[in-house]
Amino acid sequence: MLETKKLGFWYQDKVDTLFENVNLQFEAGNMYAILGKSGSGKTTFLSLISGLDSAKEGEIFYQDKSLNQIGLTRFRKHHLAIVFQAYNLFTYMTAYQNVSSALEISGEKKENKRAFITESLKSVGITEDLQHKKVGQLSGGQQQRVAVVRAMVTGADIIVADEPTGNLDEETGRDIINLFEKIAHDQKKIVILVTHDNDIAKKSDVTYELKDKVFHKRVKKLSQTK
Numbered sequence: 012m013l014e015t016k017k018l019g020f021w022y023q024d025k026v027d028t029l030f031e032n033v034n035l036q037f038e039a040g041n042m043y044a045i046l047g048k049s050g051s052g053k054t055t056f057l058s059l060i061s062g063l064d065s066a067k068e069g070e071i072f073y074q075d076k077s078l079n080q081i082g083l084t085r086f087r088k089h090h091l092a093i094v095f096q097a098y099n100l101f102t103y104m105t106a107y108q109n110v111s112s113a114l115e116i117s118g119e120k121k122e123n124k125r126a127f128i129t130e131s132l133k134s135v136g137i138t139e140d141l142q143h144k145k146v147g148q149l150s151g152g153q154q155q156r157v158a159v160v161r162a163m164v165t166g167a168d169i170i171v172a173d174e175p176t177g178n179l180d181e182e183t184g185r186d187i188i189n190l191f192e193k194i195a196h197d198q199k200k201i202v203i204l205v206t207h208d209n210d211i212a213k214k215s216d217v218t219y220e221l222k223d224k225v226f227h228k229r230v231k232k233l234s235q236t237k
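Each residue of the sequence shown is one higher than the one before, starting from 12 at the first, in the working numbering.
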């Protein structure tokens, strides 16, 4: 479980906090949405729970150890993977090479690496002919699928994404959200999506809406559950 305790953040003066005394929990097997308007602080919150920045007050715990105890670099390398709105793929590499590089960096060992990467990409609709094209030749939706697979293969237990459908058309965006949902439910990962889109929030098991510096919790209705 990933958990925040009395978390607070501000830039210059504590009087101008983005949020404070935040106590949230994220459990394996669920997809979460961090919902909020532009400038509300949701992306800053994502940076904190991703170990990219440090809180002004409070702590973040993963498996009952604080991130400071684990070490932010170690936490990011071994426990968490990030999917960016702009994909952040290596454009001079093929889709296959992007995933292969992530596997190497994470230190994950696979008995048959080539087959593992090929099948992982196929599972999200990236066929073998597409796998060996430079990612710049792929559509936005295809690039985002590659980015998701790149996060999946690292073995990370937590996958976070910042506005993962922001550059995609509506139909492709739905496919990507369905993919995240499948990862959470089938692979028992913690999946956390930052979004301003309430439709995405409705698909999530739990939504934390950041409004007026406070996180408001919404749980998916039983009739909507998987």
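All residues carry an ideal CB built from backbone N, CA and C; glycine is no exception.
Could you tell me the alpha carbon to alpha carbon distance between Tyr107 and Thr165, rounded to whole angstroms? 14 Å
Cutoff 6 Å; reference Leu18; Cβ partners in own chain excluding five residues on either side: Val33, Ala66 and Gly69
Taking DSSP's pairing of strands, which residues face Ile93 in a bridge? Val171
Among Ala167, Gly118, Lys48 and Ile203, whose alpha-carbon lies nearest the alpha-carbon of Gln36? Of the candidates Ala167, Gly118, Lys48 and Ile203, Ile203 places its Cα closest to the Cα of Gln36.
Between the alpha carbons of Arg87 and Lys228, how many angstroms are there, rounded? 26 Å
May I have the straight-line CA-CA distance separating Tyr98 from Lys144, to the nearest angstrom? 16 Å
For Thr105, which residues in the same chain have their Cβ closer than 8 Å to its Cβ, ignoring the five residues on either side in sequence? Gln142, His143, Lys144, Lys145 and Val146
Could I get the ranges of all uninterrupted beta strand (DSSP E) runs contained in the segment 152-232, with 3 residues as the minimum, in chain order? 169-173, 201-206, 217-222 and 225-230
The beta strand (DSSP E) with Lys124 in it runs from where to where? Annotation: Lys124 is outside any beta strand (DSSP E); the continuous alpha helix (DSSP H) that includes it extends over Lys124 to Lys133.
Spatial neighbours of Lys124 within its chain, please: CB distance less than 8 Å, with the 5 preceding and 5 following residues excluded, ordered by chain position. Excluding positions up to five away in sequence, the list reads Ser111 and Leu114.
With burial defined as no fewer than 16 other Cβ atoms inside 10 Å of the residue's Cβ, what is the status of Val94: buried or exposed? buried
Relative to the C-alpha of Gly152, which candidate in Gly62, Arg161, Glu122 and Leu179 has its C-alpha closest? Leu179
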